[in-house]
DNA sequence: TCAAATTTAATTGTGCACAATATATTTCTT
DNA sequence: AAGAAATATATTGTGCACAATTAAATTTGA
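Chains as they are written, first to last, in the UniProt record's numbering: chain X, 1 to 152; chain U, 1 to 152.
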């Protein structure tokens, strides 16, 4: 038994690499499913948020997905171009940009319902294992949250 | 108890988002540590591989990290520019490009030894929990490996 | 033997991530 | 009410990821 009390530099022992590789592999698994909806994976995440609650601002979307305007602004412009959402300044506060689904954007939800179903098949995990792993990852992310961005 | 026998479209229930968010958070945690070494996170991964075994080709590196030449070629050129490695065609097979550490690249390993140590602190996980999560992620990645890229 | 198929990197193009900065709007302070 | 500080989004620039294509070297197989 060689437990790494001394943290090692071996790639295969790194949690970070297992996480990075699994995340990219997961995205790659979604890719063909999302291609059918003409969405990239981050675009799909934005749509998930909007399907839950429409009319959010860019920063509210950013809070939810942990992405900043540098990522979201061009992504949202592409979704607008695709006719899935609209962007307009709020009249109550002209600094904010409110994102609202178009009818096409709303309707896409039905076709998207297939996606988690297809993925569940590929995963071959029990609901419990799924839930446990997901929640462990959430805890990990919380643990790694930088002291400068505590939840208020 | 509302177990999602019907896979849901709620962001917080997605394994994929927990994975994606945790992976980005992990990279963000490495960032300040690697900045001190003048490395990005993917560059650090390449260095980990080379510190284990020098003189690999671009595709051998790619096999290890699951990255293709479209990602690796420019990344390796930047590491070469930084003086950490050399790239040259193999004379035994001129198609292959062999990557070898420079003395500076080899020496960086000592300073890099701090990195996993610093991270272990932030994680506050038992060795067992660490190992278990890492191996679960490896299994997940294997499970998601597309049928077209089976291990031979 | 030599043309076709295969293999290896590099190149091109798109779309994230994210830091740093800019711009516009609103709120705070006096 | 005027200027300063704070807030929200957009812009710019760098570096991945990854698909698709290209180019060059090697292997293959009639």
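Quick reminder that beta carbons are idealized off the backbone N, C-alpha and C, glycines included.
Outcome for residue i when other beta-carbon atoms lying within 10 angstroms are tallied against a minimum of 16
i, result
"residue 124(X)", "exposed"
"residue 7(U)", "buried"
"residue 70(X)", "exposed"
"residue 115(U)", "buried"
"residue 127(X)", "exposed"
"residue 14(X)", "buried"
"residue 31(X)", "exposed"
"residue 20(X)", "buried"
"residue 29(U)", "buried"
"residue 142(U)", "exposed"
"residue 160(X)", "Residue 160(X) falls outside the range modelled here, since chain X spans only 1 to 152, and no answer is possible."
"residue 117(U)", "exposed"
"residue 12(X)", "exposed"
"residue 27(U)", "buried"
"residue 105(X)", "buried"
"residue 78(U)", "exposed"
"residue 132(X)", "exposed"
"residue 22(X)", "buried"
"residue 36(X)", "exposed"
"residue 88(U)", "exposed"
Chain-ordered chain X contacts of residue i [CB-CB under 7 Å]
i, result
"residue 136(U)", "133"
"residue 49(U)", "11"
"residue 101(U)", "Within chain X, no residue comes near residue 101(U); the closest Cβ sits about 13 Å away, beyond 7 Å."
Coarse secondary structure for residue i, derived from DSSP in three states
i, result
"residue 70(U)", "helix"
"residue 101(X)", "strand"
"residue 113(U)", "coil"
"residue 118(U)", "helix"
"residue 6(U)", "coil"
"residue 16(U)", "helix"
"residue 145(U)", "coil"
"residue 137(X)", "helix"
Chain-ordered chain X contacts of residue i [CB-CB under 8 Å]
i, result
"residue 122(U)", "143 and 144"
"residue 66(U)", "21, 24 and 25"
"residue 104(U)", "Within 8 Å Cβ-Cβ: nothing; residue 104(U) doesn't reach chain X, min ~17 Å."
"residue 87(U)", "None at all; the shortest Cβ gap to chain X is about 20 Å."
"residue 39(U)", "Ordered by position in chain X, no residue passes the 8 Å Cβ test against residue 39(U), which lies about 13 Å from the chain."
"residue 84(U)", "By Cβ distance, chain X contributes nothing, its closest Cβ being about 15 Å from residue 84(U), past 8 Å."
"residue 76(U)", "Under the 8 Å cutoff, chain X gives no residues; its nearest Cβ is about 16 Å from residue 76(U)."
Beta-carbon neighbours of residue i, restricted to chain U and to distances below 9 Å
i, result
"residue 95(X)", "By Cβ distance, chain U contributes nothing, its closest Cβ being about 25 Å from residue 95(X), past 9 Å."
"residue 61(X)", "The premise fails here: residue 61(X) is roughly 11 Å from chain U at the closest Cβ pair, so nothing lies under 9 Å."
"residue 56(X)", "Per Cβ cutoff of 9 Å: no residues; residue 56(X) is ~12 Å from chain U at best."
"residue 108(X)", "Going along chain U, no residue has its Cβ under 9 Å from residue 108(X), so there is no contact; the nearest lies around 11 Å."
"residue 79(X)", "Under the 9 Å cutoff, chain U gives no residues; its nearest Cβ is about 16 Å from residue 79(X)."
Chain-ordered chain U contacts of residue i [CB-CB under 7 Å]
i, result
"residue 117(X)", "7"
"residue 52(X)", "10 and 11"
"residue 113(X)", "9"
Amino acids of chain U, ordered along the chain, whose beta-carbon sits closer than 8 Å to that of residue i
i, result
"residue 45(X)", "11, 17 and 20"
Under 9 Å by beta carbon: chain X residues contacting residue i
i, result
"residue 72(U)", "Near residue 72(U) there are no residues of chain X at all, since even the closest Cβ is about 14 Å away, more than 9 Å."
Proximity test, residue i beta-carbon vs the ligand PLP heavy atom, cut-off 7 Å
i, result
"residue 112(X)", "This structure lacks the ligand PLP; in fact it carries no ligand of any kind."
Ordered list of beta strand (DSSP E) runs contained in the segment 23–99 of chain U, each at least 3 residues: Qualifying beta strand (DSSP E) stretches, in chain order: 85–89.
What residues in the segment 8–36 of chain U bring their beta carbon closer than 8 Å to a beta carbon of chain X? Along the segment 8–36 of chain U, going in chain order, the ones with a CB nearer than 8 Å to a CB of chain X are 8, 9, 10, 11, 13, 14, 15, 16, 17, 18, 19, 20, 21, 22, 23, 24, 25, 26, 27, 28, 29 and 30.
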